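The working numbering numbers the first residue of the sequence shown as 7 and each following residue consecutively.
A quick write-up on the structure given underneath.
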Amino acid sequence: MSAHDQAFWRQYAQTYAMLYGILPVQEALKHVVWAAGITSHSNVLDVGCGTGFLMRVLTEFFGIWPQITGLDHTAEMLDVARAVPYAGSFKPVLADLNRPHTEWDLDGQTYDRLVANNSLYAVDSPVSVLRELLSVAAVNARLVVSTPRPEASIQAVVSEHLRMFTVRGGSSDDEARRVVELFADIRRINERILANERFHFPDSGELEDWFFRSGWRLTSVRTTYAGQNWLAVANRG
Ligand SMILES: C[S@@+](CC[C@H](N)C(=O)[O-])C[C@H]1O[C@@H](n2cnc3c(N)ncnc32)[C@H](O)[C@@H]1O
């Protein structure tokens with residue numbers, strides 16, 4: 007990881023957890039859990055786990071506590087994840103996805119559910135990372151990738167948040183003011199992400215190619231996150 011990337015993710019770790027307050031973020035995480043078919047018996051690898059949103063959504067909306075290994079290269083993100091109240095087992099692993107899986111310190115474990123929520127866009131080569139993930143996937147494993155589409159729009163996510171908020175009986179004007187203030191930093195960081203030419207925002211053909219070239223068998227692709235992300239499901243073999 008370059009010093010530039012390190013500084014970027016460290017800075018993002020300061021505010022990242024606030025994003026959870028955006029309703030389409032929670033909705034997209036629910037889609038990931040459904041698509042992955044996670045149960046309380048699953049052994050999950052959360053790829054680029056960040057501040058532990060997967061644990062939060064499993065606890066708040068599903069009431070299930072599978073075993074989770076959270077892999078991330080940003081110590082500050084893992085520190086926040088460690089503090090998430092979670093009734094299951096959570097093992098944080100500080101590791102760089104750009105390195106081979108043999109350097110990930112996973113104790114030789116394999117996983118039956120692998121989830122990469124908003125992390126594959128940031129790695130050097132999504133195809134290489136998917137190949138490495140295949141090496142730690144159990145027989146019959148399922149992988150779910152949620153990743154931004156080309157020209158994803160933050161505004162579309164905020165508008166969907168306000169729509170969902172209003173449907174639930176809240177005042178959209180008050181919430182619009184709150185969101186604009188609260189998320190000013192996050193919005194700036196997101197704009198930097200979307201403008202970063204090193205990051206990957208595949209069209210549907212490129213997304214299919216990621217899976218085809220890495221050896222995962224893609225079973226479905228749809229959109230999520232107010233239409234701004236792909237939600238791809240694949241099986242091993
Ligand atoms: C946008 S956050 C998503 C976090 C989480 N999956 C979620 O749904 O909220 C992206 C995460 O990927 C991690 N990440 C980016 N590149 C990585 C790499 N090469 N190796 C490991 N983690 C990486 C970042 O540190 C960050 O925590």
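Heads up, the beta-carbon is just placed ideally off N, CA and C, and yes, glycines get one too.
Bear in mind the structure is a predicted one, so any value in this text is a computation, not a measurement.
Requested in this report: Assuming A42 contacts R119 (C-beta within less than 8 Å), just tell me the rounded distance between them.
Outcome: For the purposes of this step, residue 42 is taken as the residue at position 36 of the sequence shown. For the purposes of this step, residue 119 is taken as the residue at position 113 of the sequence shown. Yes, A42 and R119 are in contact; Cβ-Cβ is about 5 Å, under 8 Å.
Query raised in the report: Taking 8 Å as the cut-off, does the CB of V129 come closer than this to any heavy atom belonging to ligand 1?
Result: Start at 1 with the first residue of the sequence shown, and residue 129 comes out as number 123. Result yes, Cβ under 8 Å from ligand 1.
Requested in this report: In the DSSP assignment, find the unbroken beta strand (DSSP E) run with T75 in it and report its ends.
Outcome: For the purposes of this step, residue 75 is taken as the residue at position 69 of the sequence shown. Looking at the DSSP string, the run of the beta strand (DSSP E) that includes T75 is Q73 to D78.
Report task. Please state whether DSSP places L112 in a helix, a strand or coil. Result -> Walking along the sequence shown from the start, residue 112 turns up at place 106. DSSP places L112 in coil when its eight states are reduced to three.
Query raised in the report: Since P132 and W216 are thought to touch, with beta carbons under 8 Å apart, how far apart are those beta carbons, to the nearest angstrom?
Result: The count along the sequence shown starts at 1 and reaches residue 132 at position 126. The count along the sequence shown starts at 1 and reaches residue 216 at position 210. The pair is a contact, with the Cβ atoms about 5 Å apart (cut-off 8 Å).
**Report entry** Cβ pair V151, W40 closer than 9 Å
**Finding:** On the sequence shown, position 145 is the one that residue 151 refers to. On the sequence shown, position 34 is the one that residue 40 refers to. For V151 and W40, no; Cβs fall outside 9 Å.
Requested in this report: Would you mind stating whether G58 and G76 have Cβ atoms separated by less than 9 Å?
Outcome: Along the sequence shown, one-based indexing puts residue 58 at 52. Along the sequence shown, one-based indexing puts residue 76 at 70. In this structure, G76 lies closer than 9 Å to G58 by Cβ.
**Report entry** Same chain only: Cβ atoms within 6 Å of V145, ignoring 5 sequence neighbours per side
**Finding:** To locate residue 145, count along the sequence shown from 1; it is residue 139. None.
Query - Touching by the beta-carbon criterion (3+ pairs, under 8 Å), the stretch 31 to 38 and the stretch 197 to 204 - result: no
Report task. Pick out whichever of A81, R184 and Y117 has its Cα sitting closest to the Cα of A13. Result -> Translated into the one-based positions of the sequence shown, residue 13 becomes position 7. Taking only the C-alpha atoms, the option nearest A13 is A81.
**Report entry** C-beta atoms of V280 and V53 nearer than 9 Å
**Finding:** No answer is possible for residue 280: it lies beyond the span of the chain, which begins at 7 and ends at 243.
Query raised in the report: According to the Cβ coordinates, are H206 and Y127 closer than 9 Å?
Result: By 1-based counting over the sequence shown, the position of residue 206 is 200. By 1-based counting over the sequence shown, the position of residue 127 is 121. Yes; because the gap between Cβ atoms is below 9 Å, this pair is in contact.
Report task. Could you check if G211 is buried or exposed, using at least 16 other CB atoms within 10 Å of its CB as the buried criterion? Result -> Numbered from its first residue, the sequence shown carries residue 211 at position 205. G211 is exposed by the Cβ-count criterion.
**Report entry** Nonlocal neighbours in the same chain, by C-beta distance under 6 Å from P156, ignoring five residues either side
**Finding:** The sequence position of residue 156 within the sequence shown is 150, counting from 1. Here the set comprises F207 and D209.
**Report entry** Integer Cβ distance of F171 from L29, believed to fall under 8 Å
**Finding:** Locating residue 171 in the sequence shown gives position 165, where the first residue counts as 1. Locating residue 29 in the sequence shown gives position 23, where the first residue counts as 1. Contact flag correct, Cβ pair sits at about 6 Å.
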